[in-house]
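Residue numbers (the numbering used here): 3 to 493.
Virtual Cβ for every residue (Gly too), placed ideally from N, Cα, C.
No experiment lies behind these values; they were computed from the predicted model shown.
Only one structure is covered here, and it is reproduced in the block below.
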């Protein structure tokens, strides 16, 4: 595999491996089993009851209705206790949570009129959270210290271009065609909500192209993150256009549920390192903690330089919300919203409609959800752009420091050099020595002063020894290559 392929697959693999390890760890196992047991059981009974025509079918339908009630009650319990109490020890709120889930099930069963409201609020709430998670997904891939550095390796910070900008531009043109069609249909059918949605979609397309051709020159990391956030989240526009073109009723499919399950793994994997650190810190005494604080700064000569770590990049005010809730609270909240989402999805599997006495049908609810997602995407693009301008903490979070190894040659030069080596016009040894010399110079500069890595010229810190280590590694690698080469020649 190439470095890029390896980085991508490793990123996805880490999400599932660390997510699985945490979900089925001793601390989170109960919540995971409860979530999957409720959702899988309700799905099985719903499908059986909807497809079997017999005397026992009525009993199965009644059981599935009870399970839907239980699922909605657990959804509310997960969200409520996850937001407010999950950061405290379980012994203080475990029994009240169980009583609340049981009492909620009885209340919803005897007052079925409230069930569609609970499902609708959770359904739309999950869409809100999932769009934010999409931005986090893009940020944590392109801004990851390891994977992001692989993607940006050799790319100069002042080059001024978004990664894969041409791909994003082509997709924006496709989205422009879809948006134009939606505007045409909205005028044709006098559909105001569709026209408003298409208007927001047009604004998002304009913003993305401004990012590609103008703003990307100022900070390629942040605007690459933002561009791919748009690419991933704009899938809803494709779905909305499909239903409009085919004149079919909006609905959800199994793909949406799989995406929701993926975000569960992503959510907990995102907190994997933090959970380990919390557990490790709890075993340390105050003396050790004080020593660690003192190590946060490194002195080089007369210059004191702040050590940069990933925690220093996560001081944005909005991140205080998940930080205050805690990893368990985040997991419970996400699971609760997905349970509500799952209840709505079951209506499409079985043909039932708990929203029949609601002011909206299930298809109208999905249509509102899709339009809401398109509008929300545009609003978040504007929100993130404004935060980047006004908030230094968000700039640090949205444009994390990467190891670019800028001393590496441009791609065109490398291709030209390889071609000349292939023809015998140049030697690998001469070119390797040139690379090593450039690496040594870059390393000397980086250790002599604070390094300005990103284009906004904020102090990112000093990567002491990074280039020295890389120089040694490159030297050893080249020595091995040329030593083998010389042996082959002697033979």
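Report buried or exposed for residue 210, applying the criterion of at least 16 other Cβ atoms within 10 angstroms of its Cβ. buried
Proximal residues to residue 149 (C-beta, below 8 Å), its chain only, five neighbours per side dropped: 9, 10, 12, 13 and 143
Residue closest to residue 171, alpha-carbon to alpha-carbon, out of 85, 214 and 407: 214
Residue 268, buried or exposed, once every other Cβ within 10 Å from all chains shown has been counted against 16: buried
Where does residue 356 sit, in a helix, a strand or coil, going by DSSP? coil
Kindly list the residues whose CB is nearer than 7 Å to the CB of residue 44, restricted to its own chain and excluding five residues on each side of it in sequence; keep chain order. 66, 69, 70, 73 and 348
Under the assumption that residue 203 contacts residue 196 (Cβ atoms under 8 Å), give the Cβ distance between them as a whole number of angstroms. At roughly 10 Å, the Cβ-Cβ gap does not stay under 8 Å, so residue 203 and residue 196 are not in contact.
Is it buried or exposed, residue 88, if we count other Cβ atoms within 10 angstroms and call 16 or more buried? buried
By the three-class DSSP mapping on this structure, what secondary structure does residue 304 have? Confidence is the limiting factor: at residue 304 the pLDDT is only 37, short of 50, which leaves the residue's position unreliable and the question unanswerable from this model.
According to DSSP, is residue 151 part of a helix, a strand, or is it coil? helix
Measuring straight from C-alpha to C-alpha, what distance separates residue 168 and residue 404? 22 Å
Residue 235 versus 324, 198 and 130, residue with shortest Cα-Cα distance: 130
Is it true that the stretch 97-110 meets the stretch 364-371, where meeting means three or more beta-carbon pairs spaced less than 8 Å apart? no
Buried versus exposed call for residue 422 [16 or more other C-beta atoms within 10 Å across all chains shown]: exposed
Start and end of the alpha helix (DSSP H) containing residue 98? 92-112
Return the CA-CA distance between residue 60 and residue 344, expressed in angstroms with no decimal places. 22 Å
Is residue 121 near residue 342, with beta carbons less than 8 Å apart? yes
Mind checking whether residue 42 and residue 338 have CB atoms under 8 Å apart? no
Let's see if you can read the secondary structure: which residues bound the alpha helix (DSSP H) around residue 202? 194-215
Within 10 angstroms of its Cβ, does residue 104 collect 16 or more other Cβ (buried), or is it exposed? exposed
Could you work out which residue in 31, 154, 90 and 362 is closest to residue 6 when comparing CA atoms only? 154
Residue 323, enclosing alpha helix (DSSP H) - first and last residue: 322-327
Of the choices 50, 118 and 102, whose alpha-carbon is the least far from that of residue 360? 118
What whole-angstrom Cβ distance do residue 340 and residue 85 have, given they're in contact under 8 Å? Wrong, their Cβ atoms sit about 15 Å apart, outside the cutoff.
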